[in-house]
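One structure is given below, encoded as structure tokens.
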Amino acid sequence: MSNLDRAPSLTSLREQASPQPAHQLFTGREVLVGSETRVRRLLPNLGRRLVGAWCFVDHYGPDDIANRPGMQVPPHPHMGLQTVSWLLDGEVHHRDSLGSDALIRPGELGLMTAGHAITHAEYSPVPHPELLHGVQLWVALPAGVRDGAASWEHHTGLPVIEEAGMQVTVMLGSLAGAVSPGTTHTPLVGASVLLDQGALAMLPLEPEFEHAVLVISGAVEVDGELLDVGSMLYLGCGRSELMLRADSASRLMLLGGEPFDEEIVMWWNFVGRSAEEIAAAREEWAAGDRFGVVQDAGAPLAAPPLPPGTLKPGGAIR
Ligand code: MN
650 MSNLDRAPSL TSLREQASPQ PAHQLFTGRE VLVGSETRVR RLLPNLGRRL VGAWCFVDHY
710 GPDDIANRPG MQVPPHPHMG LQTVSWLLDG EVHHRDSLGS DALIRPGELG LMTAGHAITH
770 AEYSPVPHPE LLHGVQLWVA LPAGVRDGAA SWEHHTGLPV IEEAGMQVTV MLGSLAGAVS
830 PGTTHTPLVG ASVLLDQGAL AMLPLEPEFE HAVLVISGAV EVDGELLDVG SMLYLGCGRS
890 ELMLRADSAS RLMLLGGEPF DEEIVMWWNF VGRSAEEIAA AREEWAAGDR FGVVQDAGAP
950 LAAPPLPPGT LKPGGAIR
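Okay, so the sequence shown: first residue is 650 according to our numbering, each after it adds one.
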């Protein structure tokens, strides 16, 4: 998906991971994405902008789109990141400038590695299921990969860990020895956790990783803290397991990874390392260069204006 904020901030950040277990609770802010889809944005957040290499987290729905167009995101560019598409309900039609054309369904991983440049478009198919519910996540790419070739992967068979009262699908990266087939470039984990009514379960974690969890449906007590939909709990590093309890059937998402040790600059749909690099990408997109074309997918999105002023490391300017 695209960041459709018409005045996105230009942010330079190098995040400090908590080396110890922590509890930092964040509330998502509502943002309109595309012409139709309202999301809860959990990352970046005023208090935290990276969890491992995860740099962007939008949770949308469940929305009743029976009589609506659903997701409507025209062609737009990306660089320096991977996009992760994950659905709980509904379908999304992905097309990109490599010629990829895929229908993503619940439980499947849509993984696009932008590298130096790619363009994609995402629409609800016609006709489409009544409900649309999912998350859109970005992973920052490290030096040496971020300028590389773009690629698209669609994985329909992901490893599942079954425990009493809990089912864990390893979407990306690895968890407790189960490894997703999706290509990663830094050590990380993204997992979808389904808890049965009345579940009390221990989720195994990698102590070297920092982690955060967000509730996708229901309500979950995480390490003693009750989380509802729309909030994210940052947990820091140094945990080998996490206690989860749910009174009703609930879903949450676990995100984690080795703390990302490069300072990144994020603006609109780009992740770079300097304001100059971002400005150059914006110019190339405006000129129709570099990012390629998605055939028959509608008029491309225009980039918003860059904010005035100079980029201040560690801060955001509007
Ligand atoms: Mn996108």
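No residue lacks a Cβ here, since even glycine has one placed at the ideal position from N, Cα and C.
Pairing CB atoms from the stretch 912-929 with CB atoms from the stretch 693-704, are three or more of them under 8 Å?
yes
Are there any heavy atoms of the ligand MN lying less than 7 Å away from the beta-carbon of Thr686, as far as the coordinates show?
Incorrect: Thr686 has no Cβ contact closer than 7 Å to the ligand MN.
So Gly814 and Ala850 are supposed to be a Cβ contact under 8 Å. How far apart are they, rounded?
5 Å
Residue from Ala770, His777, Val838 and Met761 with nearest C-alpha to Glu855
Val838
First and last residue of the beta strand (DSSP E) that includes Arg690?
Thr686 to Leu692
Which residue wins for smallest C-alpha separation from Glu933, given the options Leu760, Arg697 and Pro726?
Pro726
Indicate whether Ala766 and Gly941 have their beta-carbon atoms separated by less than 8 Å.
Gly941 sits close to Ala766, with the two beta carbons spaced by under 8 Å.
Residues near Glu720 by beta carbon distance below 7 Å, same chain, minus five either side:
The amino acid occupying residue 720 in the given sequence is Met; Glu does not appear at that position. Counting only Cβ-Cβ distances below 7 Å, and skipping sequence neighbours, we find Gly683, Glu685, Thr686, Val741, Glu771, Tyr772, Ser773 and Leu781.
Reduced DSSP category for Ala827 - H, G, I as helix; E, B as strand; rest coil
strand
Within its chain, find whatever has a CB closer than 6 Å to the CB of Thr676; leave out the 5 residues flanking it on each side and keep chain order.
If you ignore the 5 residues before and after Thr676, its C-beta comes within less than 6 Å of the C-beta of Ser880, all in its own chain and listed in chain order.
Check whether the Cβ of His725 sits closer than 7 Å to any heavy atom of the ligand MN, and report yes or no.
Within the cutoff, so yes.
Give the straight-line distance between the Cα atoms of His804 and Leu760, rounded to the nearest whole angstrom.
8 Å
Using the three-state DSSP reduction, which class does Arg967 fall into: helix, strand or coil?
Unreliable placement is indicated for Arg967, whose pLDDT of 27 sits below 50; the coordinate value is still reported in the next sentence. Looking at Arg967 - three-state DSSP - the assignment turns out to be coil, as it is neither helix nor strand.
In whole angstroms, what is the alpha-carbon distance linking Ile966 and Glu811?
For Ile966, the predicted structure reports a pLDDT of 32, less than 50, and the residue's modelled location is therefore unreliable. The matter cannot be settled from this model.
Through-space distance from Pro670 to Glu890, alpha-carbon basis:
Each residue's alpha carbon lies about 11 Å from the other.
Does the beta carbon of His777 come closer than 8 Å to any beta carbon on chain D?
In the structure shown, chain D cannot be found, because there is only a single protein chain.
Could you name each continuous beta strand (DSSP E) segment of 3 residues or more that falls completely within the stretch 873-936, going from the start of the chain to the end?
874-877, 880-885, 890-894, 899-906, 913-916 and 919-921
Are Trp735 and Leu758 close, meaning C-beta to C-beta below 8 Å?
A contact, by the Cβ cut-off of 8 Å.
For the ligand MN, is there any heavy atom lying closer than 7 Å to the beta carbon of Asn694?
no
Helix, strand or coil for Leu678 per DSSP?
Note on identity: in this sequence residue 678 is Arg, with Leu being the wrong assignment. In this structure, Arg678 counts as strand in the three-state DSSP scheme.
Might you give, ordered along the chain, the residues of its own chain that have their beta carbon closer than 8 Å to the beta carbon of Asp713, omitting 5 neighbours on each side?
Glu779 and Leu780
Assumed close pair Cys886, Ala666 - CB separation to whole angstroms, cut-off 8 Å:
6 Å
Per-residue DSSP class, three states only, for Arg744:
strand
Cβ-Cβ distance between Thr768 and Val878 below 8 Å:
No, they are not a contact pair.
Is the distance from the Cβ of Leu950 to the Cβ of Pro718 below 8 Å?
For Leu950 and Pro718, no; Cβs fall outside 8 Å.
Distance check for Gln731 and Gly958, CA to CA, integer angstroms please.
28 Å
Taking only heavy atoms of the ligand MN into account, decide whether any of them is closer than 7 Å to the Cβ of His765.
Distances from the CB of His765 to the heavy atoms of the ligand MN are all 7 Å or more.
Looking only at its own chain, which residues have a Cβ that is under 8 Å from the Cβ of Leu876, when we skip the five neighbours before and after it?
Leu674, Val862, Leu863, Val864, Ala868, Val869, Glu870, Leu882 and Leu901
Measure the CB-CB distance between Gly756 and Gly710 and report whether it falls below 8 Å.
no
Taking the C-alpha atoms as reference points, what is the distance between Arg888 and Ala946?
45 Å
Once you ignore the five residues that flank Gly964 on each side, which residues in its own chain have a CB closer than 6 Å to its CB?
With a pLDDT of 41 at Gly964, under the threshold of 50, the modelled position of that residue is not reliable, and no figure is offered here.
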